[in-house]
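Following this note's numbering, the numbering of the sequence shown begins with 1372 at its first residue and continues without gaps.
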Amino acid sequence: MSHKEQIREAAAGCGFELCGFAPAEPSPDIPVYRRWTAAGFAGAMGYLTDYRADVREDPRRLLPSARSIICVGKVYNWPAPYSTEHYDDSEGTRAWVSRYAWGDDYHDVMREGMTQLAEKLRAEMEFEWKICVDTAPLLERSYARLAGLGWIGRNTCVINQQLGSWIFLGEILTSLELEPDAPPPDRCGTCTRCIEACPTDAIVPVAGGYTIDSRLCISYLTIELRGEIPTDRRAGMGRHVFGCDICQDVCPWNRRAATTEDPHFAPRHRSPDLAEIARISEAEFRGMFRGTPVSRARYSGFLRNVAVAMGNSGDAGLLEPLEKLKRSEDPVVAQHAAWAIDRLRRPDHSHRADPDGPAPQSAQSSPAPHLPGR
1372 MSHKEQIREA AAGCGFELCG FAPAEPSPDI PVYRRWTAAG FAGAMGYLTD
1422 YRADVREDPR RLLPSARSII CVGKVYNWPA PYSTEHYDDS EGTRAWVSRY
1472 AWGDDYHDVM REGMTQLAEK LRAEMEFEWK ICVDTAPLLE RSYARLAGLG
1522 WIGRNTCVIN QQLGSWIFLG EILTSLELEP DAPPPDRCGT CTRCIEACPT
1572 DAIVPVAGGY TIDSRLCISY LTIELRGEIP TDRRAGMGRH VFGCDICQDV
1622 CPWNRRAATT EDPHFAPRHR SPDLAEIARI SEAEFRGMFR GTPVSRARYS
1672 GFLRNVAVAM GNSGDAGLLE PLEKLKRSED PVVAQHAAWA IDRLRRPDHS
1722 HRADPDGPAP QSAQSSPAPH LPGR
């Protein structure tokens, strides 16, 4: 058995459905990444534009002895309805949490599995290694593509032909010299369903394809952005309180996407009641979402998102919990609650565009460069 075959077998034994190999060299997507950040598409995510942007240019800056990258993928798609199936007007008082955040924090799950894999391999061969999971300054989707795990779709997600795109990615930088795999062909064809379905028109055209303007993306607005959400972005957020799945929900490659029964990803609070979560204390928030990605939003950011979701619900029955949020000592929460109250009291409120603000930027008229990572 070759080293690659041995590693693939060991990866499967550690719970990874995908495993491939890329060279530990600068990614050909570095110029694309640079153009993306220069265009301002990173928004307020300083960790994508500070000194770590230079580290991303070469994986050997993370592990000087690196020769190869073992790229792994783990399916997190729990068998449950997609947001586009479940999240409709009949459930107007319920929020939506992005599928990836339903269960345990994937950083911990992926790191545990990759540590197990590396230690298993170290028992058979000698090498240096370093684990990277999402937060490391590495263009992981670029290397996943080079390793054959999938192509990068117009929504910037890695899509695997057999499994779909509900996949967590991880990398092990290693001093082993392993023959790289080949990237798969792009199979999006002429499909533009993700572009057309995005409520905030965040998938924008650029030279050579499409990218995400983070400043328009619901995931960015509900997770990464601190403080006030621009008023012209709020209406398009719908009832999302943490992340968004729409561009993946509508992807044809996810019609028969693989699912998992890994208990790590079992849903805890995938579609909580808006009135209930509007009333939780900070201690209750920590207890409810401890060990899940939702904790990243922090209590204030979460209540801000809940207020916006209630304003977009169209349900006047949520005015009472909104009045309470309006009296919050946190000025950001209070301001968003006031906006939501005003919105619910308007008889002509719209779910897609705020009548007081400009319409979301159109994907058909926003030329700009391409996105690197989630």
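Beta carbons are placed, not taken as given, at the ideal position from N, Cα and C, and that holds for glycine.
The way I'd put it, the segment 1642-1650 doesn't touch the segment 1470-1482; fewer than three beta-carbon pairs between them come closer than 8 angstroms. Its chain contains Phe1412, Ala1413, Gly1414, Met1416, Ala1573, Tyr1591, Glu1595 and Leu1742 as the residues whose beta carbon lies nearer than 8 angstroms to that of serine 1585, once the 5 sequence neighbours on both sides are disregarded; these appear in chain order. For secondary structure counted as the beta strand (DSSP E) over 3 or more consecutive residues, the segment 1373-1453 holds these complete runs in sequence order: 1389-1394 and 1439-1446. Glutamine 1619 sits buried, since 16 or more C-beta atoms from the chains shown fall within 10 Å of its C-beta. Within the segment 1557-1582, the complete alpha helix (DSSP H) runs of at least 4 residues fall at 1564-1568. The segment 1387-1404 makes contact with the segment 1508-1526; the number of CB pairs closer than 8 angstroms reaches 3 or more. Under the Cβ criterion (8 angstroms, minimum of three pairs), the segment 1478-1486 does not count as touching the segment 1621-1630. Residue burial annotation: glycine 1607 is buried, with at least 16 other C-beta atoms found within 10 angstroms of its C-beta. According to DSSP, residue pairing for phenylalanine 1539 in a beta bridge involves Lys1445.
The three-state secondary structure of histidine 1640, taken from DSSP, is coil. In the three-state scheme derived from DSSP, where H, G and I count as helix and E and B as strand, valine 1468 is classed as strand. In its chain, beyond the 5 residues on either side, Ala1381, Gly1384 and Cys1385 have a beta carbon closer than 8 angstroms to the beta carbon of lysine 1491. Inter-residue distance for aspartate 1616 and alanine 1451 is about 13 angstroms (C-alpha atoms, whole angstroms).
Taking a contact to require three or more Cβ pairs closer than 8 angstroms, the segment 1439-1453 and the segment 1539-1554 qualify as touching. Scanning the segment 1608-1654 from its first residue to its last, the whole beta strand (DSSP E) runs of 3-plus residues come out as 1611-1613. In chain order, Ala1395 and Ala1437 place their CB closer than 7 angstroms to the CB of arginine 1431, counting only its own chain and leaving out the 5 sequence neighbours on each side. Residue Arg1423 holds the alpha-carbon nearest to the alpha-carbon of alanine 1507 among Gln1533, Pro1664 and Arg1423. Cβ atoms of tyrosine 1477 and proline 1664 come within 8 angstroms of each other, at about 7 angstroms.
Counting only the Cα atoms, glycine 1682 lies some 9 angstroms from glycine 1609. By the neighbour-count definition (other C-beta atoms within 10 Å, threshold 16), proline 1570 is a buried residue. When rounded, the separation of the alpha-carbon atoms in serine 1536 and valine 1529 is 6 angstroms. Rounded to the nearest whole angstrom, the C-alpha separation of aspartate 1557 and alanine 1466 is 34 angstroms. Here glycine 1519 is buried: its Cβ has 16 or more other Cβ atoms, across all protein chains shown, within 10 Å. Valine 1575 places its beta carbon 8 angstroms or farther from that of threonine 1593.
Note on geometry: alpha-carbon atoms of glutamate 1653 and alanine 1568 lie some 34 angstroms from one another. Ranked by Cα distance from threonine 1545, the options Val1504, Ala1489 and Val1704 are led by Ala1489.
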